[in-house]
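S.K.: Can you read through this structure? Questions will come right after.
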Amino acid sequence: MEYRSGFCAVCGAQRKVERPGTNHVLHLLLTIFTCMLWLVVWFLVSVQFGGWRCTFCGSRRVSRVR
Ligand SMILES: [Zn+2]
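Just add 3 to the spot in the sequence shown (first one is 1) and you have the numbering used here.
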């Protein structure tokens with residue numbers, strides 16, 4: 004997990020936010036082994052799980068992450 008500070012729209016306050024960390028080394032190896040086919044999966048995983056989540060209420064309406 005990766006942690007940052009961000010503004011949660013549901014709490015209306017600055018909260019600690021988290022997101023699952025992506026294992027880029029594993030994805031790189033899989034991409035090599037599958038002759039670049041895994042690159043598509045890597046891209047989809049990055050997009051789908053790239054969102055930040057408020058650790059207080061669990062909301063994904065998080066902005067201004069820093
Ligand atoms: Zn919240």
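For every residue, glycine included, the Cβ atom is placed at its ideal position computed from N, Cα and C.
#1: Could you check whether Trp45 and Arg3 sit closer than 7 Å to each other, using their CB atoms as the reference points?
#2: Kindly indicate the opening and closing residues of the beta strand (DSSP E) around Phe10.
#3: Three-state secondary structure (DSSP) at Ser62?
#4: In the region 12-47, which residue ranges form an unbroken alpha helix (DSSP H) of at least 4 residues, counting only runs that do not cross its ends?
#5: Considering only heavy atoms of ligand 1, does any lie closer than 6 Å to the CB of Arg18?
M.R.: Once the coordinates are examined:
#1: For the chain, the structure presents residues 4 to 69; residue 3 sits outside this window and is missing.
#2: 5-11
#3: coil
#4: 27-36
#5: yes
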